[in-house]
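Contents: one structure, followed by commentary.
4 protein chains.
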Amino acid sequence: MLAGHEQWYTEFEKIFELEGILKMKEITNDILAKVIRKRPADSYKGTYGRIALIGGSQNFGGAIIMASLAAVYSGAGLVTTITDPTNQTSLHDWLPEAMFVDYHDLKTAAPIIKSADVVVIGPGLGTDNNALSILTKTFELAHDKQTLVIDGSALTLIAHNHLALPEASLNILTPHQMEWQRVSGIKIADQTPEKNQAAANQLNAIVVVKSHRTEVYAAGKIYQNTGGTPAQATGGMGDTLAGLIGGFTAQFDNKTNATLAAVYTHSAIADKLAKKQYVVLPHQISEALPKFMLKNQRTN
Amino acid sequence: MLAGHEQWYTEFEKIFELEGILKMKEITNDILAKVIRKRPADSYKGTYGRIALIGGSQNFGGAIIMASLAAVYSGAGLVTTITDPTNQTSLHDWLPEAMFVDYHDLKTAAPIIKSADVVVIGPGLGTDNNALSILTKTFELAHDKQTLVIDGSALTLIAHNHLALPEASLNILTPHQMEWQRVSGIKIADQTPEKNQAAANQLNAIVVVKSHRTEVYAAGKIYQNTGGTPAQATGGMGDTLAGLIGGFTAQFDNKTNATLAAVYTHSAIADKLAKKQYVVLPHQISEALPKFMLKNQRTN
Amino acid sequence: MLAGHEQWYTEFEKIFELEGILKMKEITNDILAKVIRKRPADSYKGTYGRIALIGGSQNFGGAIIMASLAAVYSGAGLVTTITDPTNQTSLHDWLPEAMFVDYHDLKTAAPIIKSADVVVIGPGLGTDNNALSILTKTFELAHDKQTLVIDGSALTLIAHNHLALPEASLNILTPHQMEWQRVSGIKIADQTPEKNQAAANQLNAIVVVKSHRTEVYAAGKIYQNTGGTPAQATGGMGDTLAGLIGGFTAQFDNKTNATLAAVYTHSAIADKLAKKQYVVLPHQISEALPKFMLKNQRTN
Amino acid sequence: MLAGHEQWYTEFEKIFELEGILKMKEITNDILAKVIRKRPADSYKGTYGRIALIGGSQNFGGAIIMASLAAVYSGAGLVTTITDPTNQTSLHDWLPEAMFVDYHDLKTAAPIIKSADVVVIGPGLGTDNNALSILTKTFELAHDKQTLVIDGSALTLIAHNHLALPEASLNILTPHQMEWQRVSGIKIADQTPEKNQAAANQLNAIVVVKSHRTEVYAAGKIYQNTGGTPAQATGGMGDTLAGLIGGFTAQFDNKTNATLAAVYTHSAIADKLAKKQYVVLPHQISEALPKFMLKNQRTN
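Listed in order, the protein sequences are those of chains L, R, A and H.
The numbering of the first sequence is the UniProt record's numbering, which starts it at 1 and goes up by one.
The numbering of the second sequence is the UniProt record's numbering, which starts it at 1 and goes up by one.
The numbering of the third sequence is the UniProt record's numbering, which starts it at 1 and goes up by one.
The numbering of the fourth sequence is the UniProt record's numbering, which starts it at 1 and goes up by one.
Written as structure tokens, this is what we have:
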């Protein structure tokens with residue numbers, strides 16, 4: 001009986017796969033223990049990755065602070081935030097643990113970007129000339145030991161300036177649906193899993209399309225996050241997710257799984273906080289990371 | 001018997017209504033569940049409104065920060081604070097979730113003001129030329145899909161410069177008694193419900209007259225808040241209320257009810273905190289909003 | 001028997017009073033309920049006083065922030081901090097409730113100083129020309145409805161420049177022993193109760209001589225505080241006490257009792273915190289004020 | 001039997017001492033009660049030492065803030081932070097208790113450095129000309145009543161510029177292994193206890209070589225810390241340790257023991273926090289100091 005059912009299911013799956021449906025896998029709690037390893041005793045801050053986060057114009061400084069919070073509180077070893085100088089003080093008020101670089105000062109920024117294991121670029125970056133310069137420079141510097149997490153304004157800049165993604169680095173794009181329309185050319189109403197996957201394949205990137213039910217396109221597979229709460233619907237949530245993907249990919253080897261675990265963690269913490277709060281603020285998610293991660297780490 | 005009593009009461013009410021008395025209705029706990037809806041699952045930050053908060057001169061920066069805190073912690077979707085640049089860092093220290101615009105830079109501010117669902121103007125704005133410019137500009141930009149919450153120095157500017165309220169937008173004024181004297185011309189000693197109502201009608205606005213027993217004049221009706229504690233008698237309480245009215249009107253459809261619920265929430269949280277504190281500070285009220293709102297939301 | 005003992009005690013007291021001893025009264029817990037009244041229901045922020053706090057050079061900004069914290073958290077109605085502009089942001093990070101004025105801008109500061117019920121001057125003020133200017137100006141503006149709390153560098157400036165205290169205002173001096181030596185001319189080793197009292201009488205001021213066992217000289221009487229803990233021996237404690245005396249004298253009528261209650265409260269909170277902490281930080285005392293004051297307020 | 005075992009052990013120890021092994025003593029919990037005295041009742045802030053902390057360029061401001069946090073929260077009496085002026089506000093946001101001096105302003109800084117009981121130099125200092133100037137000046141000013149804690153960039157500057165340590169002061173170096181290579185010339189792979197000890201002897205300094213198992217070389221003895229957790233492997237941990245050694249040596253007489261107790265305390269708090277957190281942030285260790293120190297102080 002069971003065998004019969006299973007066989008039926010496999011047939012069913014095959015048919016829909018042909019049509020690009022049902023390849024969508026639900027991201028479940030299992031991803032956490034797969035990804036969040038118990039830290040090895042003999043390790044040091046370098047073991048947990050160097051991250052550079054680039055963004056935060058004078059108008060949108062909070063965005064890069066929120067992304068940086070997620071990176072530090074998820075356990076990244078060394079975090080440098082490259083942003084407008086008017087954000088230096090508020091960055092350190094939240095995070096004395098982060099280093100600061102003026103994002104106009106490419107001479108200082110370049111070697112830090114180059115030596116980073118992960119670069120998160122885009123939160124609150126804006127779209128002015130300086131933003132374009134540092135994005136272009138980051139793409140030039142990208143190399144094959146690097147993961148780029150490309151978010152927010154950086155995606156808009158790519159679309160408007162027809163920039164190609166760097167070929168050497170592993171690229172993770174984190175658009176919301178409108179940004180995805182800009183980058184992929186697929187209108188929101190037409191963003192089906194098949195079309196999204198085709199576009200992600202063409203970009204040769206992991207793509208996280210953020211929505212009520214965030215989808216992740218990675219290596220020919222499609223994953224759907226079923227967690228998340230309307231209490232999360234507030235400015236800064238996406239910046240926090242970008243920083244969290246940065247923190248996880250800096251620490252954990254399998255970058256697809258790290259991305260999936262970050263997506264899951266972000267909404268699982270929000271779901272928990274929403275049991276006591278009408279609205280969940282992004283910085284509260286970051287501050288909850290250390291306890292959440294310990295509880296959900298691999299135990300063997 | 002009961003019927004007789006009720007009839008008597010109705011007659012009684014009729015008589016006093018003629019004289020403009022007894023129309024005053026007590027705001028009760030019921031208003032909360034009427035207003036604070038359970039958030040729909042399929043929603044995003046745009047669902048919860050865009051707010052622009054304008055105020056905070058170099059001397060009064062704390063006022064606009066406190067108003068912004070109430071807006072963000074009450075669940076507004078997207079919050080931009082338009083203020084003096086010397087307040088950028090302290091804004092982000094409290095609220096990385098808020099975006100910042102220099103209030104001297106009308107070119108950047110104007111499209112943000114125009115696209116806002118709710119504009120809160122006045123907390124700590126001051127009365128200099130720049131303050132007058134941005135108030136005038138805000139009034140020019142006002143449109144029929146917009147709610148303006150007009151507080152503090154903005155009310156003084158209106159009185160001193162004989163500014164007319166914009167006709168298109170729904171206008172909510174939040175004066176304390178002296179500001180109300182300036183705007184309405186009614187001396188504090190003469191501020192009877194009848195005179196206040198006549199003035200509110202003439203302004204075609206919702207008017208929240210703040211005092212020991214705050215009164216709300218809206219659509220020909222008068223409401224009185226009976227909550228509140230002397231522990232609240234401290235600078236910044238009014239700024240917090242203005243931000244909270246902004247947050248509630250951005251999220252909830254019936255603007256009169258949203259205003260009443262904000263007035264009630266503000267004093268109900270203060271009453272609760274005052275059971276353990278000799279003085280209640282404004283930022284503590286904002287920080288208590290997410291839990292208070294969840295407990296008091298509509299359950300069906 | 002008892003009567004006999006009491007008579008003996010009275011005789012004893014008389015003898016020593018002649019010699020200026022035993023007039024020293026211990027400040028006890030009773031002072032709290034005498035001073036901290038239950039707040040009247042029909043009150044507003046003006047009821048609880050306007051305070052201007054003046055101090056905080058670029059090097060000593062933390063001092064005026066700590067004094068302002070104590071003033072706000074003790075329940076003062078309206079607090080303005082007049083300080084170096086480099087302290088504006090950190091002031092608002094701790095206290096959005098406080099207003100800010102640049103202490104170089106006497107034109108803006110003067111009307112605020114004049115309209116204040118209480119002026120606290122000195123914490124971190126420094127001794128440069130600007131410090132002397134604003135101190136002199138404050139003394140010029142002092143009037144008979146005003147209390148001045150004179151602390152820290154202001155005391156040094158008085159001594160070095162032979163400034164006379166203003167005659168109109170009630171003046172409360174809060175020196176540590178070295179500052180008291182500068183102001184009174186009495187060397188630390190010679191600071192006996194009798195000499196201190198004579199000097200306080202001559203100054204016609206309430207004098208709080210801070211030490212291991214703080215003494216208060218007021219209206220011909222001497223009071224000694226027996227609370228306090230070595231866990232308090234850290235920079236900023238005196239600034240906090242000055243702000244707290246400001247907060248209490250702004251709210252409570254009997255200024256001697258308000259001063260005594262502030263001295264007692266400051267050490268009583270420290271004693272309580274020291275049961276769990278090796279060192280007690282000044283800002284922790286301020287943050288504990290609202291709960292402490294509610295517990296110890298007058299109940300009838 | 002026991003006597004026989006002990007004799008054997010002593011022989012064993014002698015043999016290995018000849019070869020420079022087994023001199024390494026484990027730092028245990030006993031060090032805490034040896035060092036952390038119960039505070040004497042009759043004491044004041046001067047009793048607990050004056051510390052100057054020098055560091056924090058525009059890029060690395062968080063480092064000196066974290067070091068200062070540890071100094072203040074461990075109970076140092078008077079703390080001055082000498083740093084880049086862009087760090088003034090974030091310093092006071094974390095620590096109103098600390099005084100601020102611009103590290104370009106040697107005229108103001110010099111007397112403060114000279115009068116300090118302990119100078120911590122290096123966290124986030126950087127290696128530019130100004131950094132070299134203030135390091136050289138600090139070495140010139142050093143005297144025999146002073147302890148210098150030399151950390152981070154200061155160690156790099158010493159190595160690159162072949163600076164001699166001051167002869168008068170007690171010098172405590174806190175390198176990680178790469179910095180120790182720079183200062184001692186011993187490559188990381190060759191850093192055996194014997195070679196390290198020889199180098200420490202030649203420098204006539206206490207040397208804390210930070211690693212997975214931190215070692216302390218002091219007065220011909222070698223101590224090893226066995227606590228610590230990989231949850232600590234994050235930027236800023238070393239800065240916090242430097243500030244903590246500063247705080248302990250400012251308060252406690254035996255400088256070797258104070259250093260050992262600081263090393264032990266730093267990892268013991270981290271171990272405790274790591275029971276609930278996947279990553280432990282440096283500022284969390286500092287904030288836990290007052291309770292930890294009270295629990296572990298000497299009881300008689």
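Cβ coordinates follow ideal geometry from the N, Cα and C atoms, glycine included.
Every value quoted in this text rests on a predicted model; they were computed, and no experiment measured them.
- Inter-segment contact for the segment 265-274 of chain H and the segment 79-91 of chain L is absent: fewer than three beta-carbon pairs are separated by less than 8 Å.
- An exposed status is given to L:S133, since fewer than 16 other beta-carbon atoms sit within 10 Å of its beta-carbon.
- Residue range I206 to V209 is occupied by the beta strand (DSSP E) that includes A:V208.
- For H:Q224, the enclosing beta strand (DSSP E) begins and ends at K221 to N225.
- In the three-state DSSP reduction, A:K107 falls in the helix class (H, G or I).
- Using a CB distance cut-off of 8 Å, H:P40 counts as an interface residue toward chain A.
- In the structure shown, the three-state DSSP call for A:E287 is helix.
- Its Cα nearest to that of R:G75, the residue R:A288 stands out among R:N300, R:I158 and R:A288.
- Taken in chain order, the whole beta strand (DSSP E) runs of length 3 or more contained in the segment 39-81 of chain R are 50-54.
- Shortest Cα-Cα distance from H:G247 to any of H:I31, H:E26, H:I36 and H:M24 involves H:I36.
- In chain order, G62 make up the part of chain H whose C-beta sits under 7 Å from the C-beta of L:A98.
- DSSP links A:V120 through a beta bridge to A:L53 and A:V149.
- Following the DSSP letters along the chain, one finds H:V101 inside the beta strand (DSSP E) bounded by residues M99 to D102.
- Judged by beta-carbon spacing, L:G77 lies beyond the 8 Å limit of H:G49, meaning their Cβ atoms are not closer than that value.
- Within chain H, the residues Q88, T89, S90, L91, H92, D93 and P96 have their CB atoms less than 9 Å from the CB of A:S90, given in chain order.
- Contact annotation: L:S267 and L:G238 have beta-carbon atoms that are not nearer than 8 Å.
- Counting only residues of its own chain and dropping the five nearest sequence neighbours on each side, H:G46 has a CB closer than 8 Å to the CB of G77 and L78.
- A Cβ of chain A is located within less than 8 Å of the beta carbon of H:G77.
- Between A:A250 and A:D151, the gap from beta carbon to beta carbon reaches 8 Å or more.
- In the DSSP assignment, L:V183 falls within the unbroken alpha helix (DSSP H) covering Q177 to S184.
- In the structure shown, the three-state DSSP call for H:A250 is helix.
- Closest in alpha carbon position to H:L165, among H:W94, H:Q191 and H:I206, is H:I206.
- Between the alpha carbons of H:L281 and R:H283 lies a distance of about 26 Å.
- Interface with chain L (8 Å Cβ-Cβ cutoff): H:Q277 is included.
- Our two residues, L:N129 and L:N257, have alpha carbons roughly 35 Å apart in a direct line.
- Under the Cβ distance rule, R:Q177 does not count among the residues neighbouring chain L, no pair being separated by less than 8 Å.
- At a Cβ-Cβ threshold of 8 Å, R:P175 and R:K210 count as neighbours.
- Just so you know, the alpha carbons of R:K114 and R:A52 end up roughly 9 Å apart.
- The beta carbon of R:A168 sits closer than 8 Å to those of A142, H143, D144 and Q146, all from its chain and outside the five residues before and after it, given in chain order.
- Annotated as proximal: R:A70 and R:L244, with beta-carbon spacing under 8 Å.
- Among the residues facing chain R, L:A233 is included, as its CB has a counterpart in that chain under 8 Å away.
- The shortest C-alpha to C-alpha distance from H:V119 to any of H:D93, H:S68 and H:I269 is the one to H:S68.
- When beta bridges are read from the DSSP output, R:T83 appears opposite R:D102.
- Against chain R, the beta carbon of A:P290 has neighbours under 7 Å at Q277, Y278 and V279, listed in chain order.
- The Cβ neighbour count for L:G185, taken over all protein chains shown within 10 Å, is under 16; the residue is labelled exposed.
- If the five residues before and after H:T259 are omitted, its C-beta is found closer than 8 Å to the C-beta atoms of I172, I206, V208, V216, A218, I245, F248 and T249, all from its own chain and listed in chain order.
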